[in-house]
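Just so you know, our numbering puts 1524 at position 75 of the sequence shown, and the rest follows in order with no gaps. Please read the structure below before turning to the comments.
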Amino acid sequence: MKEIESKEDIRFLVDTFYSKVVKSEIGFFFDDIAKINWAKHLPNMYDFWSTLLFGEVAYKGNPMAVHFPINEIVAMEKHHFDIWIKLWTTTVNENFEGEIANLAIYKANNIAQLMAYKMEMARRM
Ligand code: HEM
């Protein structure tokens, strides 16, 4: 087991995570609802995680904003975020250990919690 220390590690982590996501109960959000272009989404996520974990200036998007239109089609509820977090935590723990690995889990949890809250608030408006 090793620490997350390179862009290569991030690519492996993100690819492994999304290969689990597409087979899970939340896979339909990606393939059926958002119909995402994986060739674009995956590099975007490599940048996102490099920015969060290594402080690289790579990702310049707005992660909350892209989820609101999805939430309008199918409610993104807490139980969906629980699956997302479970898959992310499992993927990190199965492959990496150390401070950055813990940070990856910690930051994902914070964002997921905030995102779940914002999606719920948006549905009430
Ligand atoms: C149930 C939970 C989630 C679902 C179903 C979901 C679904 C999606 C989908 C379908 C997209 C692609 C949108 C598009 O390109 O049209 C996306 C993008 C993205 N998601 Fe999520 N997401 C979830 C949770 C999260 C969490 C917890 C994070 C952060 C830790 C996150 C970070 C991102 C980022 C950074 C993008 C790319 C944004 C951009 O294009 O700049 N997502 N998500």
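For glycine and all other residues, C-beta sits at the position ideal for the given N, C-alpha and C.
Is the beta carbon of F1466 within less than 7 angstroms of some heavy atom of the ligand HEM?
-> Relative to the ligand HEM, even the nearest heavy atom lies 7 angstroms or more away from the CB of F1466.
When the Cα of A1557 is compared with those of F1545, R1573, T1538, M1574, which residue comes out closest?
-> Looking from the CA of A1557, the closest CA among F1545, R1573, T1538, M1574 belongs to T1538.
My guess is that F1530 and P1512 are in contact by the Cβ rule of under 8 angstroms, so how many angstroms apart are they, rounded?
-> Incorrect: roughly 13 angstroms between the Cβ atoms, too far for contact.
Taking just the CA atoms, how far does D1464 sit from E1546?
-> Taking the straight line joining both Cα atoms gives about 18 angstroms.
Under 8 angstroms Cβ to Cβ from V1470, same chain only, skipping five residues before and after it: list those, please.
-> Cβ within range, chain order: G1476, F1479, W1533, L1536.
N1486, enclosing alpha helix (DSSP H) - first and last residue | Where N1486 is concerned, there is no enclosing alpha helix (DSSP H), given that its DSSP letter is neither H nor E.
Starting from the C-beta of S1466, find all residues in its chain whose C-beta is less than 8 angstroms away, skip the five residues before and the five after it, and write them out in chain order.
-> For clarity, residue 1466 is Phe in the given sequence; the question names Ser instead. Only L1536, W1537, T1540 meet the Cβ criterion.
Between A1520 and the ligand HEM, is the CB less than 7 angstroms from at least one heavy atom?
-> As written in the sequence, residue 1520 is Asn, which differs from the Ala given in the question. No.
6 angstroms CB neighbourhood of A1447 in its chain, flanking five on each side removed = There is no way to answer for residue 1447, as the model of the chain reaches only from 1450 to 1574.
Per DSSP, what kind of secondary structure is K1451 in: helix, strand or coil?
-> K1451 falls in the strand class under three-state DSSP.
Between which two residues does the alpha helix (DSSP H) containing S1468 stretch?
-> From DSSP, the alpha helix (DSSP H) with S1468 extends over 1456–1470.
Buried or exposed by the 16-neighbour rule on C-beta atoms within 10 Å, applied to S1499 = Answer is buried; the Cβ neighbour count reaches 16.
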